[in-house]
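Be aware that the sequence shown starts at 250, since it is given in our numbering, and climbs by one per residue. Positions of the beta carbon are idealized from the N, C-alpha and C atoms, including for glycine. Read through the structure below, which is laid out as structure tokens, and then see the notes.
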Amino acid sequence: DGLARLARLAPASVAQYREAYWRKAAKAAGATLCGKVLVDQTALNTPMLPVIGLLFPQATVLFAVRDPRDVVLSCFRRRFDPTPFTLEFASLESTARVYDLTMRLAEACRPHMASRMVDVRYERVVADFDAEIGGLCARLGIAWTDAFRDFQRASEGRMLTTASATQVRRGLNSDSIGAWRHYRDQMAPVLPLLAPWVERFGYPPD
């Protein structure tokens, strides 16, 4: 029923929510956002795609793609702040189920946002950061700067609240690519559920 109410929102209400978002974003940034590019990054934005599509019809959505088995393993073994969403990561089975449902929602949104959804493949970014991010910048009309490579240094001295803060400070590496294979036996019960997404995103079956 939430999606039904969303679809019935009057234009004035849509504008009100959009303005409230920008006020909150500017307050969080501590500066004016006029003339800047704002990247609102969290995996939890995927369930919000219907809202994003309605409030920001011209926004580009960067959709991070990674081997589904690595995603599920990563979510299961990370310690997140407890929320109704992250509590589902208490078991491999529920983590895989949430992944499946989240990807189903994303696929349902794709036809309506196809021209604005850009897949960014994790493994390609790790393998050739400059080529992947440089191409993305060109597509978005953002000037390339070597500072993009220095996110590790930029994170020093900052309070990072993301569960992947340790990985951010380590910088890019390929250690987590294919990590699920080390836990193949433990993940066996959820692999059939993830198999269609492994095929959908073009990853090898084994």
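- Contact between Trp-429 and Leu-322 holds, with the beta-carbon distance rounding to 5 Å and staying under 8 Å.
- Restricting attention to beta strand (DSSP E) runs no shorter than 3 residues, the segment 290-330 encloses them at 310-314, ordered along the chain.
- Secondary structure of Val-286 (DSSP, three-state): coil.
- Here Asp-368 carries a strand assignment [DSSP, helix/strand/coil].
- Boundaries cannot be given for His-431, as no alpha helix (DSSP H) includes it and DSSP labels it neither H nor E.
- Membership of Arg-254 in the alpha helix (DSSP H) is indicated by the continuous run 251-256.
- Inter-segment contact for the segment 332-343 and the segment 273-285 is absent: fewer than three beta-carbon pairs are separated by less than 8 Å.
- Straight-line measurement puts the Cα of Ala-261 at about 43 Å from the Cα of Arg-326.
- Beyond the five residues adjoining it in sequence on each side, Arg-365 comes within less than 6 Å, by CB distance, of Thr-309, Val-310 in the same chain, given in chain order.
- In this structure Val-286 is in contact with Ile-391, their Cβ atoms being roughly 6 Å apart against a cut-off of 8 Å.
- Rounded to whole angstroms, the gap between the alpha carbons of Leu-341 and Gly-302 is 30 Å.
- Residue state for Pro-438 is assigned as helix, using DSSP reduced to three classes.
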